[in-house]
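Here the structure comes first, spelled out in structure tokens, and everything after it is commentary.
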Amino acid sequence: MITIETNGLTKRFDSLVAVDRLDMEVQQGEIFGLLGPNGAGKTTTIRMLMDIIKPDEGTIRLLGHPPGHEAQERIGYLPEERGLYRNLKLMECLTYLAVLKGMDRKLVRKRAEMLLERVGLGGEGRIKVNALSKGMQQKAQLVATLVHDPELVILDEPFQGLDPISTEQVKELIWDLRERGKTVVLSTHQMNQVERMCDRILLIDEGRRVLYGPLEEIKARYAEHAVLVRCAGPLEGLVGARRIEQRERDRLIVLEDEISPQDILRQLVEQGIPVERFEVATPPLEEIFIRVVEEKDA
Amino acid sequence: MRKIMEVAQHEFIVNLKRPGFIIATLAIPLLGLLGVIVAAYFGGQAGAFLERQFVGSPKAVGYVDQVGLFTPPLPEYADLFIPYPNEEAAQEALFAEEIEAFLLIPGDYLDTGRVFAYSKGWGLTSAISMSEERIPPFLVDHLLAGQVDEDLRARVRDPMNLLPVSLSPEGEGSEDTASFVANIAIPYAFSILLVIAIFTSSGFLLQGVSEEKENRVIEILLSSLTPMELLAGKILGLGALGLAQILFWLGCGWALIGVAVTGLALFGAINLELMTIVLAVVYFLLGYLLFATLMASAGSLGTSAREGQQIAGIFSGITAIPFMVSGFIWMNPNSLLVQILSYVPLTSPVMMLQRLGMTEVPPYQIAISLVLLVLGIAGALWAGAKVFRMGLLMYGKRPSVSEILRALRQA
Chain A
1 MITIETNGLT KRFDSLVAVD RLDMEVQQGE IFGLLGPNGA GKTTTIRMLM DIIKPDEGTI
61 RLLGHPPGHE AQERIGYLPE ERGLYRNLKL MECLTYLAVL KGMDRKLVRK RAEMLLERVG
121 LGGEGRIKVN ALSKGMQQKA QLVATLVHDP ELVILDEPFQ GLDPISTEQV KELIWDLRER
181 GKTVVLSTHQ MNQVERMCDR ILLIDEGRRV LYGPLEEIKA RYAEHAVLVR CAGPLEGLVG
241 ARRIEQRERD RLIVLEDEIS PQDILRQLVE QGIPVERFEV ATPPLEEIFI RVVEEKDA
Chain B
299 MRKIMEVAQH EFIVNLKRPG FIIATLAIPL LGLLGVIVAA YFGGQAGAFL ERQFVGSPKA
359 VGYVDQVGLF TPPLPEYADL FIPYPNEEAA QEALFAEEIE AFLLIPGDYL DTGRVFAYSK
419 GWGLTSAISM SEERIPPFLV DHLLAGQVDE DLRARVRDPM NLLPVSLSPE GEGSEDTASF
479 VANIAIPYAF SILLVIAIFT SSGFLLQGVS EEKENRVIEI LLSSLTPMEL LAGKILGLGA
539 LGLAQILFWL GCGWALIGVA VTGLALFGAI NLELMTIVLA VVYFLLGYLL FATLMASAGS
599 LGTSAREGQQ IAGIFSGITA IPFMVSGFIW MNPNSLLVQI LSYVPLTSPV MMLQRLGMTE
659 VPPYQIAISL VLLVLGIAGA LWAGAKVFRM GLLMYGKRPS VSEILRALRQ A
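Chains as they are written, first to last, in my numbering: chain A, 1 to 298; chain B, 299 to 709.
Structure follows, in structure tokens:
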């Protein structure tokens with residue numbers, strides 16, 4: 001079932017075309033990555049989805065409806081520019097935002113407390129927002145996004161400003177949403193943060209679609225004929241190795257066309273080299289993105 | 299509508315708890331109570347008491363009588379007017395601070411009326427105050443002493459006791475002081491309270507929008523409701539808060555008047571006409587709607603609460619004009635300037651609220667004023683909603699005039 005569908009979505013600001021004829025579909029229950037560098041048009045796209053700004057051209061359907069009231073209450077949105085009412089107690093703030101999303105006031109407290117517990121903010125509901133640290137406010141913001149149990153969750157730069165532990169907590173929450181059949185759109189310029197999480201991605205640059213589809217397919221399409229090996233000692237005399245490059249703690253072995261990864265692994269075992277890591281090399285999304293943009297510009 | 303009511307409820311409760319609102323709401327009745335206590339404590343001598351505090355006890359005035367009509371002084375003036383034989387003696391007394399000033403009444407006084415007033419330093423103020431308040435009775439009494447009977451002399455010295463009389467359309471006049479206070483001073487004070495309530499409530503709206511923008515809450519709000527719903531909810535909630543504030547002040551006012559009734563005998567005299575009250579409420583609501591829209595737009599344009607207030611200062615400055623010219627209103631509540639300001643939408647609510655409290659405004663002026671005000675509100679809402687929508691999502695940058703104009707042109 002399609003949760004989000006856009007056709008020819010376009011938004012201009014004066015002479016700048018922020019989003020240019022964007023077509024995409026997001027399926028129910030998937031984690032969808034809306035990726036691209038800063039200024040690519042991600043936030044503008046999301047704001048059009050959320051009916052905060054109107055598109056100049058194109059159509060949008062969200063959960064079977066055009067953007068507006070019917071869809072809005074079923075969506076949880078964490079904007080890039082985010083904040084809470086600093087002078088309110090956290091629970092008051094969460095209640096107000098949840099009620100605006102159509103949630104029954106009486107049901108808010110229980111669910112908010114459960115979510116606060118999940119992100120390590122249990123018992124902080126009575127504290128004023130301005131007394132929370134910046135990281136805690138970030139997590140409280142995520143709770144505000146999820147408190148009304150939305151069917152579709154749109155997270156714009158969700159890991160921005162989080163420490164590693166908080167990042168893991170948030171990732172777990174996102175996984176949990178997926179487990180429960182919710183649809184999640186993750187928008188970020190930090191592609192390495194989400195490339196292991198997404199089922200499908202849309203990579204945009206200068207408002208245009210650059211890459212779109214299942215992440216594994218895209219990675220396979222741009223995969224090098226190479227393996228990544230972590231082992232002690234020198235790697236010499238490997239038959240079929242075109243070249244060997246150091247990649248941080250690992251070594252990338254680029255293979256001759258007729259050589260398979262299994263051939264290399266066999267040689268390593270035969271030579272008695274203790275192998276800590278061995279995997280078929282796939283380029284990180286950032287690298288794929290750079291290649292695609294360079295090819296496009298060429 | 300449900301979301302508008304949720305926003306209204308939120309705004310009402312949050313702003314009700316603001317220290318600024320609590321202080322402003324309590325301060326006015328407390329000031330009133332203080333006034334009643336002062337009046338009750340000092341009784342009828344309050345005026346004399348205040349005069350003593352601010353004016354001080356008058357010093358004697360010397361004089362050199364070269365015409366020979368003012369010496370010796372009449373007994374009732376002997377303490378405050380000291381005759382001197384010549385100018386040098388009077389000057390000496392002046393510099394010895396025995397007298398505040400001295401008068402030189404020349405020999406040709408009867409022909410010319412000239413009297414020279416001498417005082418230390420620039421001395422203009424004391425010379426003027428002397429001539430205004432103390433000298434004419436002194437001169438009149440001495441000129442007429444023995445010439446006319448005592449009653450006539452007293453009447454010439456103090457020729458009138460002016461009593462203002464308000465004439466109703468039915469030709470009934472009321473002339474006592476209590477009635478003046480009841481019919482003019484209290485309605486006028488009430489109208490000022492309405493104006494204060496307008497500015498308090500719309501000021502909170504400005505502050506609220508600016509804070510939401512500064513705190514970056516605004517985008518979350520806009521993902522749940524439209525800018526118009528947000529604006530409507532805020533205007534409704536803060537308008538209700540303003541009305542609650544007025545009701546509280548009115549309750550306190552009635553209570554205070556109840557306390558003061560024995561001393562001032564005003565209770566029975568207060569006579570606010572129903573139509574005046576209705577019009578006051580109409581102007582309050584329309585005025586609030588206009589300023590609230592303008593303040594919300596100003597708040598959405600600023601990058602911070604302070605910048606929002608600076609932008610709002612443009613409107614506040616214009617709306618303060620009726621206060622600046624309140625002297626004209628008191629002198630002539632139907633003058634041309636006052637009429638013009640009663641028609642301009644930005645000044646008409648404040649101006650009409652003041653005028654309604656103190657005079658009978660011609661119905662055609664009320665009609666023109668209301669029509670223009672309603673048109674002004676329609677224009678402000680139309681433009682305000684567009685500017686509000688555009689300004690809310692501009693962070694860290696104030697929109698330029700061309701951007702605002704572009705937003706206004708957009709459908």
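No residue lacks a Cβ here, since even glycine has one placed at the ideal position from N, Cα and C.
Item                                                                                                                                                                                                : Value
Span of the beta strand (DSSP E) holding Q246 (chain A)?                                                                                                                                            : A241 to R247
Within 10 angstroms of the Cβ of E294 (chain A), are there 16 or more other Cβ atoms? Answer buried if so, exposed if not.                                                                          : exposed
Identify the contact partners of I127 (chain A) in chain B, using a Cβ-Cβ distance below 9 Å as the criterion.                                                                                      : What I127 (chain A) touches in chain B: nothing, since even the nearest Cβ is about 16 Å away.
Spatial neighbours of R451 (chain B) within its chain, please: CB distance less than 6 Å, with the 5 preceding and 5 following residues excluded, ordered by chain position.                        : L442
Report the residues of the stretch 526-538 of chain B with a CB closer than 7 Å to any CB of chain A, ordered along the chain.                                                                      : none
On a Cα-Cα basis, can you pick out the residue from A:L35, A:M24, A:R21 and A:M50 that is closest to S522 (chain B)?                                                                                : A:M50
Less than 8 Å between CB atoms is the rule here; does R707 (chain B) satisfy it with respect to chain A?                                                                                            : no
May I have the straight-line CA-CA distance separating K532 (chain B) from V312 (chain B), to the nearest angstrom?                                                                                 : 11 Å
Whole angstroms are fine: how far does the CA of L592 (chain B) sit from the CA of G207 (chain A)?                                                                                                  : 35 Å
Identify, in the order they occur along the chain, each residue of the same chain with its Cβ nearer than 6 Å to the Cβ of R707 (chain B), setting aside the five sequence neighbours on each side. : none
In chain order, what residues of the same chain lie with their CB nearer than 6 Å to the CB of L35 (chain A), ignoring the 5 residues before and after it?                                          : M191, I201 and L203
In angstroms with no decimal places, state the Cα-to-Cα distance between I321 (chain B) and F497 (chain B).                                                                                         : 15 Å
Quick one, which residues of the stretch 502-523 of chain B are near chain A if we go by CB-CB under 9 Å, in chain order?                                                                           : E509, E510, E512, N513, R514, V515, I516, E517, I518, L519, L520, S521, S522 and L523
Less than 8 Å separating the beta-carbons of E84 (chain A) and N513 (chain B)?                                                                                                                      : Residue identity check: residue 84 (chain A) is Leu in the sequence provided, not Glu. Yes.
Could you check if H440 (chain B) is buried or exposed, using at least 16 other CB atoms within 10 Å of its CB as the buried criterion?                                                             : buried
On a Cα-Cα basis, can you pick out the residue from B:A676, B:L408 and B:A391 that is closest to F400 (chain B)?                                                                                    : B:A391
Mind checking L703 (chain B): buried by the 16 CB within 10 Å criterion, or exposed?                                                                                                                : exposed
Look at the alpha carbon of V242 (chain B) and the alpha carbon of L679 (chain B), and state the distance between them as a whole number of angstroms.                                              : In the structure as shown, chain B begins at 299 and stops at 709. Residue 242 (chain B) is therefore absent and cannot be evaluated.
Would you list the residues sitting across from L255 (chain A) in a DSSP beta bridge?                                                                                                               : A:A241
At the level of alpha carbons, what is the spacing between D449 (chain B) and P434 (chain B)?                                                                                                       : 17 Å
Using the C-alpha atoms, what's the distance from A223 (chain A) back to Q307 (chain B)?                                                                                                            : 57 Å
In three-state terms, what does DSSP make of C550 (chain B)?                                                                                                                                        : helix
Give me whichever residues DSSP pairs with D363 (chain B) in a beta bridge.                                                                                                                         : B:I403
Going by Cα to Cα distance, which pick from B:L328, B:T410, B:E386 and B:G360 is closest to E398 (chain B)?                                                                                         : B:G360
When the Cβ atoms of the stretch 600-611 of chain B are set against those of the stretch 629-638 of chain B, are three or more pairs found closer than 8 Å?                                         : no
At a CB-CB cut-off below 9 Å, which residues of chain B make contact with L97 (chain A)?                                                                                                            : V515, I518, L519 and S522
Given a cut-off of 8 Å on the beta-carbon distance, is the pair L255 (chain A) and G272 (chain A) in contact?                                                                                       : no
Return the chain-ordered list of same chain residues with a C-beta closer than 6 Å to the C-beta of M24 (chain A), the five sequence neighbours on each side being excluded.                        : T6 and L202
Under 8 Å by Cβ, that's how I've got I53 (chain A) and D156 (chain A) pegged, so tell me the actual separation to the nearest angstrom.                                                             : That belief does not hold up - the Cβ atoms of I53 (chain A) and D156 (chain A) are roughly 14 Å apart, past 8 Å.
Where does M24 (chain A) fall in DSSP's three states?                                                                                                                                               : strand
Quick one: what does DSSP say L203 (chain A) is sitting in, helix, strand or coil?                                                                                                                  : strand
Give the range of the alpha helix (DSSP H) segment to which F436 (chain B) is assigned.                                                                                                             : I433 to L442
Taking the C-alpha atoms as reference points, what is the distance between V699 (chain B) and L107 (chain A)?                                                                                       : 46 Å
For the stretch 133-202 of chain A, which segments carrying the alpha helix (DSSP H) assignment without a break, of at least 4 residues, lie completely within its bounds, in sequence order?       : 134-146, 164-179 and 191-194
Between A:Q27, A:A98, A:A18 and A:Q28, which lies nearest to N38 (chain A) when the distance is taken from Cα to Cα?                                                                                : A:A18
Please confirm if the stretch 112-119 of chain A is in contact with the stretch 69-80 of chain A, defined as three or more CB-CB distances below 8 Å between the two stretches.                     : no
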